[in-house]
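Count along the sequence shown from 1, then add 50; that gives the number in the working numbering. We treat Cβ as the ideally placed atom computed from N, Cα and C, and that holds for glycine. Everything numeric in this text was worked out from a predicted model, so none of it was measured.
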Amino acid sequence: MNTINPTRGQVERTLSQRIQALYRNQLGHQPSQVTCRLFADKLAIVAEDSITPAEQLLAQEGQEQLAQKVRSGLDEVTKPQLKALIEEILAVSVTDLLSDATLETGRIGMIAILASPPEVRNPNS
51 MNTINPTRGQ
61 VERTLSQRIQ
71 ALYRNQLGHQ
81 PSQVTCRLFA
91 DKLAIVAEDS
101 ITPAEQLLAQ
111 EGQEQLAQKV
121 RSGLDEVTKP
131 QLKALIEEIL
141 AVSVTDLLSD
151 ATLETGRIGM
161 IAILASPPEV
171 RNPNS
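Dropping the structure here:
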């Protein structure tokens with residue numbers, strides 16, 4: 051049986067929804083929006099309002115360094131799950147997952163480097 055590959059847009063939406071769910075389930079806080087964009091063998095991810103209430107409280111009380119340490123720790127423990135989720139949806143290996151967060155804006159940005167471009171129906175759209 052021949053299966054039809056999903057479109058790039060379908061894959062990006064699925065990734066966005068699953069990443070939001072991962073944050074909600076693992077951290078008890080769901081980003082207001084997650085945007086994913088595929089660029090050949092790279093995936094860019096931006097999560098809006100992704101800083102947890104605990105991190106926000108620390109930052110507001112002058113504990114920015116501690117808030118950054120908490121964020122770094124959360125990034126490290128969620129990284130393997132994010133990598134597995136991306137690999138499951140795209141059906142390609144993730145060779146590297148880079149991330150950074152900004153407490154002031156509440157955004158997290160990630161770039162996944164893929165072993166090869168995923169198979170999608172309209173890769174250039």
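Secondary structure at Glu111: coil, using DSSP grouped into helix, strand and coil. For Ser66, the enclosing alpha helix (DSSP H) covers residues 58-77. Rounded to whole angstroms, the Cβ separation of Ile136 and Leu65 is 7 Å, and the two are in contact under 8 Å. Distance from the CA of Ser122 to the CA of Glu169, rounded to the nearest whole angstrom, comes to 32 Å. In the three-state reduction of the DSSP assignment, Gly156 falls in the coil class. Counting the other Cβ atoms within 10 Å of the Cβ of Ile54 gives fewer than 16, which makes it exposed.
Taking the Cα positions, Arg87 is about 21 Å away from Arg74.
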